[in-house]
Each structure stands twice: as C-alpha cells, then as structure tokens.
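**Q** Before I ask anything, let me first share the structure, which is written out below as structure tokens.
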C-alpha cells in the first residue's frame, strides 16, 4: 500500500531563496515565458512567476536548446548560474545552462495583447474581454494581491477583536434591503432570491456569538451601468452586540482600516510599489451629520440643496473634497441619515426620529460603507415594520431573534471592490473586480 | 469637528481577563441571561457570552433589583465580586452587586426550545425551524466555531504554501461541471447560472498566480434529499501549477489537513472538549486505485461489483471501513477514476485513457474531496471536448488560457460542511450548515 505523507521537497527554488543564497550558485526554477528579447549574440528570456519576474540570459552554444523554438506563454523549467546584475529585476539574472519545456501554448497562437508591457494601454472593453490573459500582466495582478491583503487585514483585525467568522446562505426567501434590485431564481418550484446582503443572518448570529463577520458575494440587480456599480461584489460585513452607541461601530471600522493599511505597508510593499500607491491616513476620521454636511458643502461651493433627504453623487464628491481641503482627510463619516432613506431595521434617533443612528463612510468622495445601529426591541421592530406597511408574517424567522432577546447591536457593510478602487485611484470599479458582472457583462 | 480615532476602552471585562486577575476583584461584564435557577434564598443567573458562560449569584437584599423581573433572553450588564468556585464554569462565580438590563425579549414570549440545556434533544425538523435561536445553545454554536477553525487552518496553510486567495463570480454564463443540477437565473434578459464550482476561474487564475485558492459558496440544484447533500454549500478550492503529477495535489491536501487538525487542537481546544471530539490522524493517508478499491471491498465483504465504472455510496462506506480495519486510517485517497465519470477538463491517464489522473478523498467512508490533474494543452483540451460533442465556441474564455499557455496544473474542491460533519460525527450534513438549503428548505 502506498501512503501520502507530507509535501515532497522540490529541486526548484523561489526568488527569495535565490536572494538568500546569493550569486555563483546553480539553481533550477520554473516559470512562464513572459517575454523573449533576442539580441542576436544572446537573448533575454524573462520568466513570470507568482513571486516576480526573473531575467534569464541565453547565450548561443551554452545551452543545448534552439531559442527560436521557445515561445511566449510556454512554461519551462530552467537551470543556470545566478549572476548579480543591478539592471535586472531583483538585482540578479540567471545564465542559462538548460531549458526544459513543460507546456506550450496553442500552435500558431499569438498573444492578443502585449501582457509583458508595463502598462496595458488598451481600452477597458478590450481588457475585460481578454481578462483571462490580461490579468497575467504584472500590474494587473498586483491589484488583486492588494485586494487579497485588504481582506486579510480585515479578517485579522476582526479575529483580534473577538469576532466569529460566519458563512450565511446566498439563496434566500426574503429581500433584506427592500427595493426592486434583487435577482430572482427558480428554487424547486418556489420563488427565491440572491442575497442582497447578509443582513438578517448577521443580526441573527449576533444573538449567538455577540460579534460576527462575513466576507462573501453580494448580488444587486442594479440596472445602472455606472463606473461604481457592480451586479455582484464582495461584501466585508460585520455586526457587533453590546454597543453603547453607533459610535462603537465607526471606531471599529476606523481602527480596522488603520490596521489594514499598516498590514498592507508591511506585507504588500512590493505590490504597492509596483502600482505606485501611497496609502491614505486613517488614524483619525472626521464625522459630520448628514444635514450639516449638506449645509457645509452648499455654503463653501455655492450649491443649492435640492433634496434635504438625499445625497447626490456630486454632493458626496464635494463632501469628500471639503474634508480633504479643510482637514486633509481622505475619509469622512457622514452620520444620521434620514429615516426614510434607511431600511426598516435601522434604529431611529430618539432625539429626532426623522433621522437614524446610522452612517456612511466616504473615501475620496465615494460611499464605501453603510452602517448603523439596528433595532433590538421586538415591539419597536414590529411597530416600525407596520408603519411601513410590511407584513410581519413574512419575517417570522428574523423577528424570532428579537422576540427571544437581542443585545443592543449594529454593524456595517463595506464594498471591497470600491475600497480597492479608491485605494488604487482607479476610475472604474470594474478594474478592481477579477471578473466583473454588469448589465451587459456575464463573461468571462 | 468630531473625530473617530481608536476603539474606546470599555469598563467591562472578558472571561480570560477575570481568570488572569483572580478572585476578590469587583468586575463589570455583559451577557445574555442564559438561565435563571431560583433557589429561594438566592438565585443562580447564568450569563451567555461569546467566550463562555458565567455563573452569577444573586442574593436577596444584596442587589437593588427584583430577580422576578429578570427574564431569560434579556441582555444585561452586571457588576459583582469574583469568587473562586470549582463547581462553576471556568472555576469562578460573580457575587452580584448590581444588574442593569440592556434589552428585553418580547413581552409574554417564552423560549420555544430549552436552549440552555446541554443537549438539544429535539427533532432535526424542530431544530432547523427554530435555527435562529437554537444556535444559541452552547453545543450548537461550538460546531460552527470548529467550522471557522477549519477554514482558518485551510487558509493559513494555503498562504504558507504561497497560494493567492481569489474571489470569482457566482453568477456565470456556463456550466462547469456539466449535468442538469444547475440553478438558472434571469440576468437582464439573458440566461445565467449559479456557479457549481469555481473550476474555470481557478484554472484561469493559475495562469496569473501559479497557485490559488478560494473559500466560497457553491450551488447545486440536486433534487436528492439525502443526509449528505446540500443545495448550497461552502467549497474549499485550490488549484496549483507546475505540478509533477497529481500526487502533488494529494500531498498538499494531506499536509493541509494535518496542519488544520493541529491548529484546531491548539486554537479550538475548548470547543472540541465541549463536543467531545477526538480529531483523526492525517499524518499518513493510504492511496488506492479506484478499480483496486472495488476489488478489495468485493473480496473482503463478499459483495458483487455491479458497475465497474462507478462507486455506489455503500461501496464508499465499505472502502472507508476496509482502510479503517486494515490500516487504522479514517482517510483514504481513491485514485484513477474512470474517464467517463469525470468532467471534460480532467486529464486522462496516458497509460490507460479509460481512467483519469484524478482522486477522491474519503473520510470515514464519505467523499469529501474531488480533485485531479487538468488538461493544460490547448489541442488536447479541444480534442477531448470535441469527442464529447461539446461546442468549443461556448468555451472561448476558458480555452483562451490554454491557447496562450498554461503550466501543468491540478487542484481540488473540498466540501466544508461534509468535512465538518465527519469530524464531529454528525449523521446529517444539515447539522453543520448554519442555515441549510435543501429541496424543501429555503428558510430560515
């Protein structure tokens, strides 16, 4: 009988192993042929690996291999001597002794876009259509490493703060956020929806673990084809019990962002450098009331307030601009949104029930978070639902948690792709989704 | 202007802070009233918190509070002196001085199930219908802490092995696994599906990052109402390039499981003890060929082989039993599944193309993983698709990766709920899904 026991050590090395061991050694490593530059006497073969690119030098006669037969997109295992070379990526090159081809691209295929260029200067449409290969570009893939880092920072911080990670269903019977922008689905003869948020479930789980978080897909059937909407995105959600006020939630978010940026600076320095990104400061975030924010912007930028109960995207941009100019902050918490603009589970401000104990976080003038305190009393929740003409019979399972006791609680949802977009100063949220879904895009 | 800057320190303490500081101190802590036992002279008030339960002692006259007004399900902030008491959970109790009620359950509500009992000895149906409150039971919630731990162990190990975490779309145009068990959805006038697996996308991302993993929901429109099927479950998926053979994938899984069990033993010892779970040994996992496994079981248990190209659930159970009896292993890799039972992207065994370079992992007689090597050559992939009568035009984006070069690669998908089920010796997979989805269950 044969047994599997442990990962077998390979002869191949990583870039950091090469850097540790220095020049003069003969090493073996794998990679994809990123580009070949034939200089007649010799050729540069640049390999693309998960940990960077490696410049290999092919000299005629020194390798038993016909360089003409090597194609971009092939994957290889090479063997050669490490040579220090300041002009090469990571400060070294490999003087090739041997090349073994592991796989070949299709016969007669040519790369539809020059992925080995530093910047892919093609249209968004082309980049999206060719996404499966366009992502092989070094800068493209660096974006999603940083996105990975944001999620890691978020999760790390949540665990440190005693949150429990949960996974809640995406096929649901009800419609948490209300409104029409929900995808419908046939579920064994019953009508079902795709979850617009884990709202009911995360509140439910506060009754179980006091503090919970989830990182998962969120579905919105928005018909808007804008630069900041996706029909499927990643929600970073958390919900916490035993809060004294909704300020506890904003403090948790500000501290998490601060932690995450530090984490990115430490763990993703290479990718930040690749993209030339300077991270914002989140050590101190100003807060302003919704009505006050509208007034400040109206005064400073000489702009009429059209609707006192709603924020237009242009107003969000101006609020962002205001707090950048006045307080040098890329972030601002806008608090106390009007009750009619918030869902039925939002807690009204007892001081003025036209407003709620809620907030949005704006990052460079764009909303990246919505959060607030929720109603915990059964009687209050039922009353608010009835005032809105909702049928409480449709919410039996949700109301079960209030009926049997819930601590004062609240939480928030962050749009990962928007946060990444603002961090990287991208102008379209599609740039920060691996395979974006929009009104006209269902593939790749 | 007001600023948010850091989490404000609360006066309340955690169980571990109480344990560190010892007896005699007066502390303040929050919790939900889990149960009240009135002993006439005094009463025990047990609080439920994320970090355990705390026994509080209420003595008439010592607290300015009417214990008769305290109800199960209320949440409170209490204040009292820490007193060592061997018979209490964690070895201490709080002698109450003060109780502040933070929230109340609904007027006249009573708990529909005794969640404070050690075991919820109600039917599965009742437990599921009352899931939002049933999960507050200490043993119920311990299950999902262990599930959290499995995912953490998986992710940690993947990061250590230089995998990149990805998030791929769940609304898709194509149908990766083939077959009819796919949920359909209306997508702005187009036909779309819910992803049955991240297969195409994770292969695509191997071309970008060499090694990738994803933890996300997977949707299967299975009509079977069995103890081991869910219509929505969590997939732990990974995919890795530059493999020498599919043995690399099995080694990665075995090492990950071994790491994860160690991680659970260290970080989730309390929950393992709560549930009385002894973790299996995954240091060494036997492998057996599919055809050989069928023969061994047929011989030992005197059972006719009905279909040489398929494994029946009963055969899986017997294979599990065989390797437990003969090698004392709870796990067994069954390799070389018949080609006709595997999807079009599976690589056939060059030694016998009726079989594939693939495997399942059985855990206590149940399949928890399917994996294998994939086809990397464009020409081979197109040929296999054409042999199966597939239209390659439907797979343009998937074939783009082969066309422009893919390393030899493979991967696997693990069903998280099944793995948890087997680990905890549960008999129904619904027990290890927070809010299970099956043919008749769309709520809660």
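Residue numbers (the numbering used here), protein chains in the order written: chain A, 1 to 444; chain B, 1001 to 1444. Where is the CB? At the ideal position from N, CA and C, for every residue including glycine.
If contact means a Cβ-Cβ distance below 8 angstroms, which residues of the segment 1047-1061 of chain B contact chain A?
**A** Answer set for the segment 1047-1061 of chain B: 1049, 1050 and 1051.
**Q** Which residue from B:1150, B:1154 and B:1265 puts its Cα closest to that of residue 1238 of chain B?
**A** Start at 1 with the first residue of the second chain, and residue 1238 of chain B comes out as number 238. Nearest of B:1150, B:1154 and B:1265 to residue 1238 of chain B, Cα basis: B:1154.
**Q** Taking just the CA atoms, how far does residue 1242 of chain B sit from residue 83 of chain A?
**A** One-based indexing of the first chain puts residue 83 of chain A at position 83. One-based indexing of the second chain puts residue 1242 of chain B at position 242. Distance between the alpha carbons of residue 83 of chain A and residue 1242 of chain B is about 25 angstroms.
**Q** Could you list which residues in chain A have their beta carbon closer than 7 angstroms to that of residue 1400 of chain B, in chain order?
**A** For this step, residue 1400 of chain B is matched to residue 400 along the second chain. Chain A residues near residue 1400 of chain B: 132 and 133.
**Q** To the nearest angstrom, how far is the alpha carbon of residue 1074 of chain B from that of residue 197 of chain A?
**A** Taking the first residue of the second chain as 1, we reach residue 1074 of chain B at position 74. Taking the first residue of the first chain as 1, we reach residue 197 of chain A at position 197. Looking at the two C-alpha atoms, the distance is approximately 27 angstroms.
**Q** So that I know if they touch, is there some Cβ in chain A lying closer than 8 angstroms to that of residue 1105 of chain B?
**A** Position 105 of the second chain, counted from the start, is the residue given in the question as residue 1105 of chain B. With 8 angstroms as the cut-off, residue 1105 of chain B counts as an interface residue toward chain A.
**Q** Are the CB atoms of residue 57 of chain A and residue 95 of chain A within a distance shorter than 8 angstroms?
**A** The residue labelled residue 95 of chain A in the question sits at position 95 within the first chain. The residue labelled residue 57 of chain A in the question sits at position 57 within the first chain. Contact: yes.
**Q** Measuring alpha carbon to alpha carbon, tell me which of B:1309, B:1042, B:1137 and B:1330 ends up nearest residue 1336 of chain B.
**A** Sequence index remark: in the second chain, residue 1336 of chain B carries index 336 (1-based). The shortest Cα separation from residue 1336 of chain B among B:1309, B:1042, B:1137 and B:1330 belongs to B:1309.
**Q** Taking any Cβ of chain B, which residues in the segment 373-399 of chain A have a Cβ under 9 angstroms from it, in chain order?
**A** From the segment 373-399 of chain A, only 376, 377, 378, 379, 382, 396, 397, 398 and 399 have a Cβ closer than 9 angstroms to chain B.
**Q** How should residue 1364 of chain B be labelled, buried or exposed, when 16 other C-beta atoms within 10 angstroms of its C-beta is the threshold for buried?
**A** As a first step, residue 1364 of chain B must be located in the second chain, where it is residue number 364. Burial call: buried.
**Q** Mind checking who residue 88 of chain A pairs with in its DSSP beta bridge?
**A** Stepping through the first chain from its first residue, residue 88 of chain A is reached at position 88. Its beta-bridge partners do not exist; DSSP assigns none.
**Q** Could you tell me which of A:355, A:339, A:376 and A:277 sits nearest to residue 426 of chain A, measuring between CA atoms?
**A** Taking the first chain and counting its residues from 1, one reaches residue 426 of chain A at position 426. Cα-wise, what sits closest to residue 426 of chain A is A:277.
**Q** Along the alpha helix (DSSP H) that carries residue 365 of chain A, what are the first and last residues, could you check?
**A** Numbered from its first residue, the first chain carries residue 365 of chain A at position 365. First-last for residue 365 of chain A: undefined, no H or E at that position.
**Q** Residues of chain A with a CB under 8 angstroms from the CB of residue 1255 of chain B: which are they?
**A** Locating residue 1255 of chain B in the second chain gives position 255, where the first residue counts as 1. 6 and 7, listed in chain order.
**Q** For chain A, find out if any of its Cβ atoms is closer than 8 angstroms to the Cβ of residue 1158 of chain B; answer yes or no.
**A** Along the second chain, one-based indexing puts residue 1158 of chain B at 158. No, no contact with chain A.
**Q** I want to verify the contact list: residues of chain A whose CB lies under 9 angstroms from the CB of residue 1162 of chain B, in sequence order.
**A** Locating residue 1162 of chain B in the second chain gives position 162, where the first residue counts as 1. Ordered by position in chain A, the residues that pass the 9 angstroms Cβ test against residue 1162 of chain B are 14, 50 and 51.
**Q** To the nearest angstrom, how far is the alpha carbon of residue 144 of chain A from that of residue 1162 of chain B?
**A** By 1-based counting over the first chain, the position of residue 144 of chain A is 144. By 1-based counting over the second chain, the position of residue 1162 of chain B is 162. Roughly 15 angstroms between the two C-alpha positions.
**Q** Using only CA atoms, which one of A:326, A:72, A:15 and A:167 lies nearest to residue 213 of chain A?
**A** One-based indexing of the first chain puts residue 213 of chain A at position 213. When each option's Cα is compared against that of residue 213 of chain A, the closest is A:167.
**Q** Residue 18 of chain A lies in the alpha helix (DSSP H); which residues open and close that run?
**A** The residue given as residue 18 of chain A occupies position 18 in the first chain. Residues 15-21.
**Q** Suppose the cutoff is 6 angstroms on Cβ atoms and the five residues either side in sequence are ignored; what does the same chain contact list for residue 79 of chain A look like?
**A** As a working mapping, residue 79 of chain A is identified with position 79 in the first chain. Excluding sequence neighbours, residue 79 of chain A sits near 28, 97 and 98.
**Q** Anything in chain A within Cβ reach of residue 1365 of chain B, meaning under 8 angstroms, just list it in chain order.
**A** Locating residue 1365 of chain B in the second chain gives position 365, counting from the first residue. The contacting residues do not exist; residue 1365 of chain B stays about 18 angstroms from chain A at best.
**Q** Which of the three DSSP states, helix, strand or coil, is assigned to residue 1286 of chain B?
**A** Residue numbering aside, residue 1286 of chain B sits at position 286 when the second chain is read from its first letter. Strand.
**Q** Do we get a CB-CB distance below 8 angstroms when we pair residue 1347 of chain B with the residues of chain A?
**A** Looking up residue 1347 of chain B in the second chain gives position 347. Chain A, which has no Cβ nearer than 8 angstroms to the Cβ of residue 1347 of chain B, makes this no.
**Q** Okay, do the segment 5-18 of chain A and the segment 1247-1256 of chain B touch, 3+ Cβ pairs below 8 angstroms being the bar?
**A** The segment 5-18 of chain A vs the segment 1247-1256 of chain B: in contact.
**Q** Could you tell me which chain B residues have their CB closer than 9 angstroms to the CB of residue 74 of chain A, listed as they occur along the chain?
**A** What you label residue 74 of chain A is simply residue 74 of the first chain in a count that begins at 1. Here the neighbours are 1405.
**Q** Please confirm whether residue 165 of chain A and residue 1429 of chain B have their CB atoms less than 8 angstroms apart.
**A** As a position in the first chain, residue 165 of chain A is number 165, starting the count at 1. As a position in the second chain, residue 1429 of chain B is number 429, starting the count at 1. Against a cut-off of 8 angstroms, the Cβ pair of residue 1429 of chain B and residue 165 of chain A comes out as no contact.
**Q** Taking buried to mean at least 16 other C-beta atoms within 10 Å of its own C-beta, is residue 91 of chain A buried or exposed?
**A** On the first chain, position 91 is the one that residue 91 of chain A refers to. The residue in question, residue 91 of chain A, is exposed, as its Cβ has fewer than 16 Cβ neighbours within 10 Å.
**Q** Looking at the C-beta of residue 187 of chain A, does it have a partner C-beta in chain B at a distance below 8 angstroms?
**A** Counting from 1 along the first chain, the entry for residue 187 of chain A is found at position 187. For residue 187 of chain A, the answer is yes, since a Cβ of chain B falls inside 8 angstroms of its Cβ.
**Q** Given 8 angstroms as the limit, is there contact between the segment 219-230 of chain A and the segment 384-401 of chain A, that is, 3 or more CB pairs closer than that?
**A** Contact fails: fewer than three Cβ-Cβ distances are below 8 angstroms.
**Q** Quick check on DSSP: helix, strand or coil for residue 1469 of chain B?
**A** This structure gives no information on residue 1469 of chain B, because the portion of chain B shown stretches from 1001 to 1444.
**Q** According to the Cβ coordinates, are residue 275 of chain A and residue 264 of chain A closer than 8 angstroms?
**A** Numbered from its first residue, the first chain carries residue 275 of chain A at position 275. Numbered from its first residue, the first chain carries residue 264 of chain A at position 264. It is not a contact, given that the beta carbons lie outside the stated cut-off.
**Q** Only counting the same chain, and skipping five residues up and downstream in sequence, which positions put a Cβ closer than 7 angstroms to that of residue 33 of chain A?
**A** Along the first chain, one-based indexing puts residue 33 of chain A at 33. Same-chain partners within the cutoff: 45, 47, 70, 71, 72, 73, 74 and 76.
**Q** Pull out every residue of the segment 1138-1155 of chain B whose Cβ sits closer than 9 angstroms to any Cβ of chain A, in chain order.
**A** So the list reads 1140, 1141, 1144, 1145, 1147, 1148, 1151, 1152 and 1155, given in the order they occur along the chain.
**Q** Nearest-angstrom Cα distance between residue 132 of chain A and residue 142 of chain A?
**A** Start at 1 with the first residue of the first chain, and residue 132 of chain A comes out as number 132. Start at 1 with the first residue of the first chain, and residue 142 of chain A comes out as number 142. Residue 132 of chain A and residue 142 of chain A: Cα-Cα distance of roughly 15 angstroms.
**Q** Any C-beta of chain B sitting closer than 8 angstroms to the C-beta of residue 182 of chain A?
**A** The sequence position of residue 182 of chain A within the first chain is 182, counting from 1. Not one chain B Cβ lies under 8 angstroms of residue 182 of chain A.
**Q** What does residue 234 of chain A touch in chain B if you count any residue whose Cβ is under 8 angstroms from its own?
**A** Counting from one through the first chain, the residue named residue 234 of chain A turns up at place 234. Within 8 angstroms Cβ-Cβ: 1167.
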